[in-house]
Amino acid sequence: MLLKNSDLWFSEYYMDDDVKLSLKIDEVLHVEQTPFQKLEMFRNETFGVFMVLDGYTQVTEKDEFVYHDMICHPAMCVNPNIKNVLIIGGGDGGTAREVARYKSIEKIDMVEIDEAVVRACEKFMPSTSSVYSSEPRLNLMFDDGLKFVKEAPAGAYDLILVDSTDPAGPGEGLFTVGFYQDCFRVLSDNGILINQHEGAFYDGDIEEMKKAHAKIKKTFPIAKVFGFNTPTYASGYWYFGFASKALDPMKDMKPEAWNALGLETRYYNTDLHKGAFSLPNYVKEILASV
Ligand code: SAM
């Protein structure tokens with residue numbers, strides 16, 4: 052439904068509804084209650100097509116490159132020998148698209164709980180979802196990532212990317228110690244886990260960041276956090292966790308090897324890698340408190 056000169060807005064609320072982020076809806080593309088979540092796709096003139104799950108923006112055409120660069124390339128710069136990758140969630144396809152750019156990767160397993168997300172993105176967001184029809188190494192499965200990792204063999208993956216929703220609804224189990232322990236078991240010796248660490252600005256996000264970090268720290272000997280600018284997430288700045296059995300994201304990064312690949316990226320570069328892991332003092336304090 053195309054809306055001409057409408058005054059319809061999508062708003063995401065924070066701090067007990069004291070703050071909101073709003074995007075004007077220029078077109079309603081898709082609204083569906085799936086078995087897992089409420090799925091909405093809208094178009095906004097500035098941000099393009101954007102997808103909302105249970106009232107929270109997940110991806111927009113304009114700023115998805117930041118999130119998808121950062122979930123994938125820092126880990127690949129630390130361990131260029133990654134061959135087997137597991138993506139959990141990531142139904143829009145952007146994470147798989149970035150992973151698929153590495154010719155050295157042999158297998159990309161992707162476990163998304165909600166097929167409706169994939170189908171809607173195939174229809175309305177080809178910039179991220181075209182990977183589904185173009186990438187023979189990609190094995191897309193519709194299942195709960197929590198269950199999949201529990202049943203996966205030890206050492207099966209070199210990289211696990213948790214591209215999930217927030218710790219409510221279907222994504223909740225992906226923020227538990229049990230899940231992180233399963234990831235540890237399923238990773239190879241130099242394996243890396245990248246997972247959601249939420250935001251460090253609004254109270255609710257800070258609490259989730261603390262909880263996620265405390266659980267990861269308990270499970271992995273190396274547990275670091277890195278940030279990136281993403282205008283459509285709460286406060287415009289968001290964080291991933293980098294956890295590994297053996298590799299440190301700063302000491303073990305291999306900028307020459309990564310730069311030699313000649314990949315063109317709009318956000319990530321190897322100087323920014325160092326900046327992303329260099330956290331502001333207020334974020335260091337949050338992480339030190341757990
Ligand atoms: N970039 C987004 C963000 O952080 O706001 C997330 C992207 S969105 C594609 C996350 C995906 O995770 C959704 O498609 C959702 O269906 C999927 N998901 C949530 N819980 C899951 C689970 N337990 N197993 C597999 N996929 C899950």
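Numbers in my numbering are just positions in the sequence shown, counted from 1, shifted up by 51. Cβ atoms here follow ideal geometry from the backbone N, Cα and C, with glycine treated the same way.
Three-state secondary structure (DSSP) of residue i
| i | result |
| --- | --- |
| Lys-296 | coil |
| Gln-247 | strand |
| Ile-267 | helix |
| Gly-342 | Residue 342 lies beyond the residue range present for the chain, which begins at 52 and ends at 341; the question has no answer from this structure. |
| Ala-285 | helix |
| Ala-274 | strand |
| Met-260 | helix |
| Met-304 | coil |
| Leu-312 | coil |
| Glu-96 | coil |
| Asp-143 | coil |
| Glu-186 | coil |
Residue span of the beta strand (DSSP E) that contains residue i, given as start and end
| i | result |
| --- | --- |
| Lys-75 | 70-75 |
| Gln-109 | 107-111 |
Residue i CB to nearest heavy atom of the ligand SAM below 8 Å
| i | result |
| --- | --- |
| Asp-214 | yes |
| Lys-143 | Inspection of the sequence shows that residue 143 is occupied by Asp rather than by Lys. Checking every heavy atom of the ligand SAM against the Cβ of Asp-143, one is found closer than 8 Å. |
| Val-117 | no |
| Val-162 | yes |
| Thr-270 | no |
| Pro-221 | yes |
| Phe-87 | yes |
| Leu-137 | no |
| Tyr-284 | yes |
| Asp-195 | yes |
| Thr-227 | no |
| Thr-97 | no |
| Gln-247 | yes |
| Asp-165 | yes |
| Asp-217 | yes |
| Val-276 | no |
| Tyr-107 | yes |
Per DSSP, the bridge partner or partners of residue i
| i | result |
| --- | --- |
| Lys-158 | Asn-135 |
| Glu-149 | Answer by DSSP bridge pairing: none, since Glu-149 is not bridged. |
| Asn-332 | Bridge partners of Asn-332: none, in fact. |
| Ser-62 | Ser-73 |
| Leu-53 | Glu-78 |
| Tyr-208 | Leu-238 |
Expected contact under 8 Å - CB spacing of residue i and residue j to nearest Å
| i | j | result |
| --- | --- | --- |
| Cys-128 | Thr-321 | 6 Å |
Continuous alpha helix (DSSP H) stretch holding residue i: start and end
| i | result |
| --- | --- |
| Ser-343 | Because residue 343 is not part of the residues shown, which for the chain are 52 to 341, the question remains open. |
| Val-117 | 115-129 |
Contact with chain C by residue i, beta-carbon distance below 9 Å
| i | result |
| --- | --- |
| Leu-191 | Of the protein chains in the structure, only one exists, and it is not chain C. |
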